[in-house]
Every structure is written in structure tokens, then in C-alpha cells.
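Engineer:
Protein chains: 2
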Amino acid sequence: MPRILRINTRTKEYRFEEQGEYAGLGGRALTSRLVNKEVPANCHPLSGENKLVFAGGVLAGSSAANSGRASVGAKSPLTGGIKESNSGGLFAHKLPKLDIHAIVLEDKPEADAPLQTLFISKDKVEFRDAGDIAGMNTYPAHDKLLEEYGDKLVAAMIGPSGEYCGKASTIQFTDPYKRPARSAGRGGMGAVMGSKRIKALVLDPEVNEKVTAADPEAFKTARKDWVNVLTGHPVTSQGLPGFGTAVLVNIINEAGALPTKNFRFGQYDKAADISGEKIAETIEARGGKTKEGCHVGCVIQCSQQYNDKDGNYLTSGFEYETVWAMGAACLIDDIDQIAQMDRICDDKGVDTIEMGNTIAVAMEGGIIPWGDGEAAIDLLSKIGTGDHLGRIIANGVDFAGGAFGVDRLPTVKGQSLPAYDPRAVKGVGVTYATTPMGGDHTAGYAVCQNVLKVGGEIDGHKKEGNVEVSKNLQIATAAIDSLGLCLFVAFAVLDDENGVQAMCDVVAAHTGLKFTADEFIALGVNCLKDELEFNKRAGFTDEDDQLPRFFSTEKLPPHDVEWDFSAQEMQGAKV
Amino acid sequence: MPRILRINTRTKEYRFEEQGEYAGLGGRALTSRLVNKEVPANCHPLSGENKLVFAGGVLAGSSAANSGRASVGAKSPLTGGIKESNSGGLFAHKLPKLDIHAIVLEDKPEADAPLQTLFISKDKVEFRDAGDIAGMNTYPAHDKLLEEYGDKLVAAMIGPSGEYCGKASTIQFTDPYKRPARSAGRGGMGAVMGSKRIKALVLDPEVNEKVTAADPEAFKTARKDWVNVLTGHPVTSQGLPGFGTAVLVNIINEAGALPTKNFRFGQYDKAADISGEKIAETIEARGGKTKEGCHVGCVIQCSQQYNDKDGNYLTSGFEYETVWAMGAACLIDDIDQIAQMDRICDDKGVDTIEMGNTIAVAMEGGIIPWGDGEAAIDLLSKIGTGDHLGRIIANGVDFAGGAFGVDRLPTVKGQSLPAYDPRAVKGVGVTYATTPMGGDHTAGYAVCQNVLKVGGEIDGHKKEGNVEVSKNLQIATAAIDSLGLCLFVAFAVLDDENGVQAMCDVVAAHTGLKFTADEFIALGVNCLKDELEFNKRAGFTDEDDQLPRFFSTEKLPPHDVEWDFSAQEMQGAKV
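Listed in order, the protein sequences are those of chains C and W. Taken in order, the first sequence gives residues 13 to 587; the numbers are from our numbering. Taken in order, the second sequence gives residues 13 to 587; the numbers are from our numbering.
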């Protein structure tokens, strides 16, 4: 059974351990259990007492479709609570090939210790001086690693923001196209890595042990059924591969739920200029690619390659939430500027959702004008430089609000809200308020039921049913994140009567253990319990399960809907 | 009965109201009751829903010794909880002379609205354009107001830090020597005033109605007894007037409790160079003044006038905590540099305790070298300028920690700890942890019992008795703050068997209402209940009643004492 690798970043000691009490867990369930058990809830997130955990899901290493998502967990510098941040890339599937189930970075050296690259092989770890890539943006630093380790490179790394512990810092992962374009974006996991003075993890390219299912025959059958479920649903087989997640720009705008000018309006008159349709058209005209998977084994292919006007690669993983954050939230309507901002965020190693909202706050505070894309690019470019304004931006919305004296801050538990106005999509609003992750849409994506009419239909303007749907989605999501599956499988699983069975069969065949809908739900529930327990010990109460007050006091045009849930009314969304 | 004046800073409407449900309350009891009743606990502190309350104590306007302290209350931008910040100056005694009991600033205009000066007279309020003093430091701005309003000026104002809503911003008050040298320092009240776009409050110099006691004869006698209590105790009659509060530098250093180099050591080898004795010697050599009162009617006279090398006025109100924060905390041993930093803080309008600790964090993060006084002066000087580093500094310790990636942050509930290491003075440590004010020594000054042997003797290195003493002191302090008395009266009241009676007699004679030790205690208990209730609704839990973990994991030299209280063990210190 793959082992847990613990690395002490201060003493440079390491050990490979049996899974022990963590056996049977993967992905988010594993990172959250370990953080809850081993990290003092009241420690400073940048202290040596925090631990940074990398884990693939239960299905990591298998050939099950869309099972290669990686989880990164720690106490979050952004929220002060527990965090799991989820990413594509090659990392998750590679770990079991080194006979490793999870990597835990512990302790930390002095703040001025030189940055290190951790070279991780099957039975040893080397601390290698990272002086040649220290301070570098992730794309050029990743190119250096490619030169050194070759084309089979599988790395996780931080950018200049993580190096100086900006609270919005990401960890960037190698994607299947030799780019560091996939992000564990939310909650500042890159700052925790930076505090431990680790610039990059490199997984030994030369070791690639074969991972076999516990029941290879059953797996073969289950795997096929599973692919059929995913390729049989219109969202996962047409919408997402056709236009990427940005297909949502027009849909959410049409629904009056596209937060515009720092959550003042529900529609953006320039939405068409930044839509998925516009992006797809631009990509095709410039010889990019409209479909790519973020990891090997993906059959949905919602990523893309976006080229600049000269036809050169600019960015990928260009998500709806990024386009919204840099676009409608800031009144920026130039898709090329938005794409450039996405690239800068990946390069500096900062979360695009947090950055878009932070730029809006800078606009709110008069630091740069509304809608000025060039000024926004300039602001992001200051991150990781000697300019202290960059330090302010790299720390996200609440921090920038403090620096600029702005009180209109769309955050929950310190993390900024994504691309769905909670007043018009109340199910996702309940998720924002109650998930232990802080303001987050993926944790319980009720946009399905409120807008897309997938998995049922619940009015997003009304209260009825939205606490319940958020709870059920939060459980299902925690389980999906623990299996290592891409969240988008949920579209198909929710709508296909064979979906849950096919998913469970794949897991059972891979692990050789009983896995039915009951185990799936228990996996999610127990994961959430770990997270809520940690947050409680960290000082969170029901009072923290609230949206900023302006959502309750201002009506959202065009539907003039308000936020009308009290914290108490939403407690039912927690397990 | 003096009225409550409510001023809407957005609409520019105002009204004078009867005291109503707030009758009988003064100072902190009044500000905390009003904030708890009227401010939504989960509002943003810089939003229009927050209210900024100015109030003198129950004894304001009277000639009782040391009864002229002012209270400023609001939801704190620094702690996120309720706040009362206490100051000397002429403001408190002046209010009843305008027949005003308290002033409440409500709502707020647009963020780019021009700054205003509020001219407040007996029956009217004028919003006057503050363009001529906008952006100015408080000393020159105060000089401008003196020119305009004459020598009888009584003002409260913010500096450039408050104008841009730095979370460590003070409100500066006119002292008896025509200087804006008294601060409501802690908790960022100046940022709340800045968010409401008010640069200064000016109390009409031409109105000065006589305030008479309810029972003038009884008051005359009680007043004399009260003076005798204060002038009869060695601390209030010799120690404090002789050397100011900085008399504590040597005493606390000797006790091994002077937090040195960001709370790493309990003694500073250069303590003598920054001691009260050294300050008094320097003041005398330069023709300054070693004794001054912070308000009319003070018989303790712990303030002073500190001149520079050329004999020109530099600063006053040069407190022990300031000297410690700029000195031992940062390893700066030049008393002139420290005095200059004190002046800059008053001028920019920032809290000296928060700033000293923030500079130590900047040193921790490698921004400037340890012990470099010139660099520290330069850093403080950036506040209120276009340099974004100034915005980081003006937001205090936790904020600077975020910006500089530092995890060694000596704060409780977001407010930095003062000049007594909690490991060696555990009674004050319990206060730091449990007071609703955040890290604060004045809220329950167990230094008396732990070090000075005033009001009893309790070992500051051990747990025994320290929860109880902190609780009792928190209650007494809340009552003293509500009466408008200077906290230092406690030295005499604690030790003199006639102290409590004399104090109560003064209050009863002034108000004409029964006031015994029971009413005194009830005043304090009810005030604390208001504060704890607000904080609970704002999301604080018992888990927030803790010191940063490094106090529990690192022993403090030279006595090698640790912090060993759990949050639960300290709950008994709360009413």
C-alpha cells in the first residue's frame, strides 16, 4: 500500500510511513483528517506547526476517467480555517507510481533560509538548492526544471507571491502540456509552502511503477461504464468541451446573477465580449486549442490553449470564474487583457478569483480606475517585486480592503466570493456562507439546480430547498474531492440514473473494498466533520456563517433580489 | 440633564436627544452600551452602520480630581470587536459645558467626499470644509485650528493615518497646553472617524456653561477627601509625577518581564538608557517639564514635556508603553530617537504600542534591521504619504505580519500586546487573553499585584490567583473608565482603606444618586456584559481568549517561565 512521506523542512529529515490511521482515505478526506488531527487549530498558518499535505484521491494512479485531481491541505493563511485546495495536473496520478500516497511538509526553517527544491523519489528525498529559480515566475522557473529534469517532469511549485507568503498564493502544478498552468488556487496554500522555504517539489521522472487495480477484471468493465456516463451527458460532452467553463458567462448573465462592479449588478452589458463563445472564436482564429484535459485520463476536456494576437501561447485553464473576476467584477471587457491577467496570476502564483476581486477593491478605493485593464495588469505585475503595493495585492480582498480603507468586501471567512451572486443563486450563497472552506462555489455547486436545471430544479431567488441542496452537494463534493475525481463528473452523475453506481463500481474495483452510495456519503460526511471540527477549535462559530451585510441591505438588479437568510437558518446545511 | 448629540455624517442632519435609556451611564459604560445596542455586530467597522461615540465619564464637567478622561467607542477595525479607547485632554470636561453628554457620529458619506470639520455648539452643529487641514499631521493642523478658533480650542482630530483608515489610527485630543498630544490610541477609532470623513471635532470655545454638583456641599467635602487619597499614596504622589509612567522601565526589566526583541527575552541590557530616570534627567537638562497633567484637575501629573537637543518641544505623554514599544521591543536604545517616534505617531495619528510592535515585525521580516532607530523613523514617516509601505505600517501588527510573511505576531484579537510579558506577569496575561478589548494592559492591570505589590501580592510566575485578580480588576477598570477617572487612581484606591468610599462619595454628591461600592461594581460588570455580548454576536468564542502559541512553546529568559493557561482555564476572568 502506498506510503505517507513526511518531510521535515527544518531538519531536512524524512520518513516513509505506512498509512496507518489514514488508510482508506484519499484526497480531501485525507488532507482534512490529517490537518485536523495533527495541526494545532490555533497555530499561526505560517508557523512551523502548520503542515502542508499533498494527496491524490482514492482513485489516484488508476486509469479511471477524470480521477487525477490533487488535493492540497493545511490551515489557511487566508481564512484562518482548514483548507483543501484542488488542482488538476500530473501530480496526483504520479504519486502512487512512486509508491507514495501523500506528502506532508512539516516544520519550517528560518525565514531567511535559502529556498529549496525537494526531489522526491521512491525511497529518498533530496533537498536541492533552488537558488537558480528563486524569485522567478512559474513559467520560466518550470522551463528551467524541464531543462534539468527532462520532459517527464512532474512538479508542484510556487511563484514569487508564495515566496513572500502572500495570503492569496497558489501552488502551480505541471499540466500534460509541460506548463505549470494548473493551480491549487484558493486559500493561500502557496504561502504555507513559501513559509517552509520550498520553491518546488519534483517527483522522480525515472520511476514510474505500474499501479494495478485490486480487481483488474472488474475494473476494466467498471471503467468503461464510467466513461459512458461522462460522455453521455450534454454538459460534460458538449458544453464544457465546446466552450470551456466560460460557457457560463452568457448563461449566468442571462440569469441576472453575474456579479458586476464588485457585486453591484447582476448583469454586465459587455458580457458577450468576454463570453465562452467569444473565447472559442478567438482561440480558433489564432490557431489555439479549444479542448484540453487538465490531467491524463480526462474525457471532458474543458481546458484550452489561448494564444495571443501573434498566435503564441498565452494561457490555459482559462476558467469562467477567472474571466468573470478579471472581467465583470472590474468592468474590464477586453478578453485579451483578461487572458493576460490570467497568465500573470499563474506566473506570479496567485489565485485568479481572489485577484479579480482584489483589483475591484483597488478600484473601489480609488487606487486605479474602474474598467482600466492596463492599470489592472500593472497592479498584478507588482506582485513579487520590491513594490510594497504588490504585497498588498498578493494578500487578497480583505487585506486590500484594510490597506485602502474599503468596506465593501465580498468575502466569507476571509475568502472572496466567486462568480455567482448569492442573492440570485441562493443555493450557492448558502454554500458560500456555510462551507468550512470560506467563500467557495465548488464546495456545493447549487448553480446546477438554481440555474442549469441539472439534478433537479430549485428557484435560486427563493429560500425554499436551498439549505437542503447545499448540504447534499457539500457532502457529495467532499466525497468527489476525496476520490480524486474532477468535480464536473457531478453533472453527469446527478442526471444519469446509472451514474452513482458506475462511480462506486470503479472505486470498489480499484480498491478491492466495498464501496456503495452509503460509503460515498460517509466519506463526504466524515470529511466535512473533520473540517468543521477544526474550524470550531480555531474559533469559528455560527456567526461566521454569514455573507457580508451589503448583500442583505442592497437589492440586486435586474431581479431586485436580496439575501435574506440568517446564519441560524443556514445551520442545516452543515453535517 | 446633558443631551446626546447624534450627527449623521452622510445627510449632515443632527439632533440633540434626551439621554433616555442611556441615563446614568457615562464614559465606557455609555459607549459600550450604545454600540452594543445600536451597531450590528457583523457590520464592517468602516461601513455606515458603525457608530463612533464620544463621551465623558459620569464625573465629566465636575471638579473632582482626575475625572476628565474621555471615552471613544465603536466597533473596532483592528479587533473586529467592540472597543472603548480612553484619552486625556480637555474634551470630556468641556462636553457638559455645552450641555452635551455624548456625541454619536452615524452613517458615512461616499469615500471620496471632502473631509469636514464639525463645529459643535450648544444647540447647533456646522459641517465646515476641512480642505485647509486635510492630509496634514495633527500638530500643524491643530495649530491651524488654534489660529481659527483661538486659545480656548478644544478639539478631537485624526491624522493622515485616520484619513486613509489605517486600522491603528488614533484620535488625538487637545491637551491643556494647546497641543494635540493626547490619544485615544488603541483599536483604530481614528479609522472609524476617517471613514465618516470627519477630520476634526471642534467644541464651541465661546460656550462654557457652569456645571454644578447635585449636592454642592457634599461634593465640596467629598472632593477634598478624594484629593487626599490620591496625594497620600507613594505611586500617585511620588513615582508617577517624578518619572512619569516610564518609571516602570527599570522596575519591569528588573522583574524579567520587559518584552525584548519581539517578546524573545524578559530583560533588555540597554534598559537603563531608556528608563524613566534617564528621561527625567534628559528633560531637566534641556529645560523641559517632568510633570504635567493630561487634563485639568489632574493631581498625579504623570505627563511631561520632552524637548529635543536644542531645547525645543518635541513630545509629551511619553508613556512607559511607548518607550518600551519603540525601545526594547525593537532593540532601539536611543531615547531621542524613541521620543521622535512618539512625536511622529501623535502627528500621523497612530497608536504607539501598535506601531512599536509593528516595527518589530518589520524587523522580523527583514524590512529594516533590528535596532535601527533611523530606519524605524523613516518607516513611520511613510504613513500618510503615497508610499504604500506606509499603508501597511498604519494597519498594525497582524497586517504587517501578513504583508511581510511573519508568523511571530504578539496579538490577541488582532490588537498587539503591551509592555509586560504575559509569561512573567500572568495576571496581566489573563487580562490580555480575556478582555473584550483585545490585547490590552489597562483593562485589568494585574502588574499591581504581580510586580508592584499594590493591592495585594500574587506571584506573576504562577497560575494561582491570577484569573481571580484579573476578573476583579477588569470590573473595577470598566467602572473607573465609566466614571471618567484616570486609571491611575486605582493605585491609591486599592491600597487606601478610605479609597473606595471617597471615590463613591464624590460620584454620589455629583450625581445626587446613591453610589456605593455595589453600584461601582455593577457599573463595571454591566459594561463588561455589554462588551462580551457584542463580541459574541460578532463571532468571538472562548477560543479567541488565547495568547499566540509561541508564549506556550518558548520559555522566557531569565526566569524561564512559560504561558500555561488554557482558554478554558481563563473563562473565570469573564463576568
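Idealized CB from N, CA, C, for every residue including glycine.
Using the three-state DSSP reduction, which class does C/HIS113 fall into: helix, strand or coil?
Structural biologist: If you number the first sequence from 1, residue 113 of chain C lands on position 101. Reduced to three states, the DSSP call for C/HIS113 is strand.
Engineer: Counting only runs of 4+ residues fully inside the segment 149 to 175 of chain C, write out the alpha helix (DSSP H) ranges in chain order.
Structural biologist: The segment 149 to 175 of chain C contains these whole alpha helix (DSSP H) runs: 150 to 161 and 172 to 175.
Engineer: Using only the alpha-carbon positions, how far apart do C/GLY456 and C/GLY450 sit?
Structural biologist: Locating residue 456 of chain C in the first sequence gives position 444, counting from the first residue. Locating residue 450 of chain C in the first sequence gives position 438, counting from the first residue. For C/GLY456 and C/GLY450, the distance between alpha carbons rounds to 12 Å.
Engineer: At a CB-CB cut-off below 7 Å, which residues of chain C make contact with W/THR553?
Structural biologist: Reading the second sequence from its first residue, position 541 is the one you call residue 553 of chain W. Those are GLY551 and THR553, listed as they occur along chain C.
Engineer: Can you tell me whether W/GLY32 is buried or exposed, with buried defined as 16 or more other CB within 10 angstroms of its CB?
Structural biologist: By 1-based counting over the second sequence, the position of residue 32 of chain W is 20. Answer is exposed; the Cβ neighbour count stays below 16.
Engineer: Whole angstroms is fine: what's the gap from C/LYS109's alpha carbon to C/LEU37's?
Structural biologist: Along the first sequence, one-based indexing puts residue 109 of chain C at 97. Along the first sequence, one-based indexing puts residue 37 of chain C at 25. Cα to Cα, the separation comes out at about 18 Å.
Engineer: Thinking W/VAL373 and W/VAL409 are a contact (beta carbons under 8 Å), I'd like their distance in whole angstroms, please.
Structural biologist: Numbered from 1 along the second sequence, position 361 holds the residue referred to as residue 373 of chain W. Numbered from 1 along the second sequence, position 397 holds the residue referred to as residue 409 of chain W. Indeed, because the Cβ distance is near 6 Å, the residues count as touching under 8 Å.
Engineer: From the DSSP output, in three-state form, read off W/LYS303 for me.
Structural biologist: Stepping through the second sequence from its first residue, residue 303 of chain W is reached at position 291. Reduced to three states, the DSSP call for W/LYS303 is strand.
Engineer: Cα separation between W/PRO253 and W/ILE170?
Structural biologist: Looking up residue 253 of chain W in the second sequence gives position 241. Looking up residue 170 of chain W in the second sequence gives position 158. Going by the C-alpha atoms only, they are around 29 Å apart.
Engineer: Between which residues of its own chain and C/ILE312 is the CB-CB distance below 6 Å, once the five residues before and five after are set aside?
Structural biologist: Translated into the one-based positions of the first sequence, residue 312 of chain C becomes position 300. So the qualifying residues of the chain are THR248, LEU252 and PHE500.
Engineer: Could you list which residues in chain W have their beta carbon closer than 7 Å to that of C/TYR176, in chain order?
Structural biologist: Within the first sequence, residue 176 of chain C is the residue found at index 164, counting from 1. Ordered by position in chain W, the residues that pass the 7 Å Cβ test against C/TYR176 are GLY417.
Engineer: With W/PHE185 as the anchor, note down where its beta strand (DSSP E) starts and where it stops.
Structural biologist: Here the question's residue 185 of chain W lines up with position 173 in the second sequence. Here the beta strand (DSSP E) through W/PHE185 covers 183 to 185.
Engineer: Straight-line CA distance for C/LEU544 to C/GLY278?
Structural biologist: Position 532 of the first sequence, counted from the start, is the residue given in the question as residue 544 of chain C. Position 266 of the first sequence, counted from the start, is the residue given in the question as residue 278 of chain C. In a straight line, the C-alpha of C/LEU544 is about 32 Å away from that of C/GLY278.
Engineer: Starting from C/LEU129, trace the beta strand (DSSP E) in both directions and tell me its first and last residue.
Structural biologist: Here residue 129 of chain C is taken as the residue at index 117 of the first sequence, counted from 1. First, the residue type needs correcting, since residue 129 of chain C is Thr and not Leu in the sequence shown. C/THR129 -> beta strand (DSSP E) spans 128 to 132.
Engineer: Give a yes or no on whether 8 Å exceeds the smallest Cβ distance from C/GLU61 to chain W.
Structural biologist: Against the first sequence, residue 61 of chain C aligns to sequence position 49. It does: the Cβ of C/GLU61 has a partner Cβ on chain W nearer than 8 Å.
Engineer: Can you list the residues of chain W that C/ASN407 reaches, using a CB-CB cut of under 8 Å?
Structural biologist: Walking along the first sequence from the start, residue 407 of chain C turns up at place 395. GLY414 and ALA415, listed in chain order.
Engineer: Check W/ASP399 in the structure and name its three-state DSSP category.
Structural biologist: As a first step, residue 399 of chain W must be located in the second sequence, where it is residue number 387. Of the three classes helix, strand and coil, the one that applies to W/ASP399 here is coil, per DSSP.
Engineer: In chain order, what residues of the same chain lie with their CB nearer than 7 Å to the CB of W/GLU376, ignoring the 5 residues before and after it?
Structural biologist: Translated into positions along the second sequence, residue 376 of chain W becomes position 364. Taken in chain order, the residues that qualify are ASN274, VAL418 and ARG420.
Engineer: Could one say the Cβ of W/SER428 lies closer than 8 Å to chain C's Cβ atoms, at least one of them?
Structural biologist: Looking up residue 428 of chain W in the second sequence gives position 416. No, its Cβ sits nowhere closer than 8 Å to a Cβ of chain C.
Engineer: Hey, W/SER83 and W/ASP363 are a contact pair by Cβ (cut 8 Å); roughly how many whole angstroms apart?
Structural biologist: Your numbering for residue 83 of chain W matches position 71 in the second sequence. Your numbering for residue 363 of chain W matches position 351 in the second sequence. 16 Å between Cβ atoms; not a contact.
Engineer: First and last residue of the beta strand (DSSP E) that includes W/ILE94?
Structural biologist: If you number the second sequence from 1, residue 94 of chain W lands on position 82. Note, W/ILE94: beta strand (DSSP E), 94 to 99.
Engineer: For the putative contact between W/GLY496 and W/GLY69, defined by C-beta atoms under 8 Å, what is the C-beta separation to the nearest angstrom?
Structural biologist: In the second sequence, residue 496 of chain W corresponds to position 484, counting from 1. In the second sequence, residue 69 of chain W corresponds to position 57, counting from 1. So it is a contact: roughly 2 Å between Cβ atoms.
Engineer: Would you say C/LYS541 faces chain W, with C-beta separation under 8 Å as the test?
Structural biologist: Counting from one through the first sequence, the residue named residue 541 of chain C turns up at place 529. Answer no: the Cβ-Cβ gap between C/LYS541 and chain W never drops below 8 Å.
Engineer: So, is C/ARG209 buried or exposed, given that buried needs 16 or more other C-beta atoms within 10 angstroms?
Structural biologist: If you number the first sequence from 1, residue 209 of chain C lands on position 197. Its Cβ being crowded by 16 or more others within 10 Å, C/ARG209 is buried.
Engineer: Report yes or no: is there a C-beta of chain C within less than 8 Å of the C-beta of W/GLN558?
Structural biologist: Counting from one through the second sequence, the residue named residue 558 of chain W turns up at place 546. Closer than 8 Å to some Cβ of chain C, the Cβ of W/GLN558 qualifies, so yes.
Engineer: Could you tell me whether the segment 336 to 347 of chain W touches the segment 262 to 274 of chain W, using the rule of 3 or more Cβ pairs below 8 Å?
Structural biologist: Enough Cβ pairs lie closer than 8 Å, so yes.
Engineer: Contact between the segment 193 to 212 of chain C and the segment 142 to 155 of chain C is defined here as three or more beta-carbon pairs at a separation below 8 Å; is this criterion met?
Structural biologist: As far as the Cβ criterion goes, the segment 193 to 212 of chain C touches the segment 142 to 155 of chain C, which means the pair count is three or higher.
Engineer: If you draw a straight line from the C-alpha of W/ASP471 to the C-alpha of W/GLN461, how long is it?
Structural biologist: Working through the second sequence from its first residue, we reach residue 471 of chain W at position 459. Working through the second sequence from its first residue, we reach residue 461 of chain W at position 449. Roughly 8 Å between the two C-alpha positions.
Engineer: Does C/LEU559 pass the burial test, meaning 16 or more other C-beta atoms within 10 Å, or should it be called exposed?
Structural biologist: The sequence position of residue 559 of chain C within the first sequence is 547, counting from 1. That one is buried.
Engineer: Leaving aside the five residues before and after C/GLY143 along the sequence, list all residues of the same chain whose C-beta is less than 8 Å from its C-beta, in chain order.
Structural biologist: Residue mapping note: residue 143 of chain C aligns to position 131 of the first sequence, counting from 1. Around C/GLY143: PRO126 and LEU127.
Engineer: Apart from the five residues just before and just after C/VAL638, which ones in its own chain have a Cβ nearer than 6 Å to its Cβ?
Structural biologist: The question about residue 638 of chain C has no answer here: the residues shown for chain C are numbered 13 through 587.
Engineer: Check whether the Cβ of W/CYS357 lies closer than 8 Å to any Cβ atom in chain C.
Structural biologist: Your numbering for residue 357 of chain W matches position 345 in the second sequence. It does not: the Cβ of W/CYS357 has no partner Cβ on chain C nearer than 8 Å.
Engineer: Nearest-angstrom Cα distance between W/LYS156 and W/TYR189?
Structural biologist: In the second sequence, the residue the question calls residue 156 of chain W occupies position 144. In the second sequence, the residue the question calls residue 189 of chain W occupies position 177. If you take the alpha carbons of W/LYS156 and W/TYR189, they lie about 15 Å apart.
Engineer: Give, in chain order, every unbroken run of the alpha helix (DSSP H) that is at least 4 residues long and sits entirely within the segment 328 to 411 of chain C.
Structural biologist: Here the runs fully enclosed are 332 to 338, 347 to 360, 364 to 376, 385 to 393 and 400 to 405.
Engineer: Output needed for W/ALA585: all residues of its chain with C-beta closer than 6 Å, excluding positions within five of it in sequence on either side, in chain order.
Structural biologist: For the purposes of this step, residue 585 of chain W is identified with residue 573 of the second sequence, where counting begins at 1. So the list reads VAL442, THR446, VAL479, SER482 and LYS483, once near-sequence residues are dropped.
Engineer: Can you list, in chain order, the residues of its chain with a C-beta nearer than 7 Å to that of C/PHE411? Leave out the 5 residues immediately preceding and following it.
Structural biologist: Counted from its first residue, the first sequence places residue 411 of chain C at position 399. Answer for C/PHE411: LYS179 and ILE404, listed in chain order.
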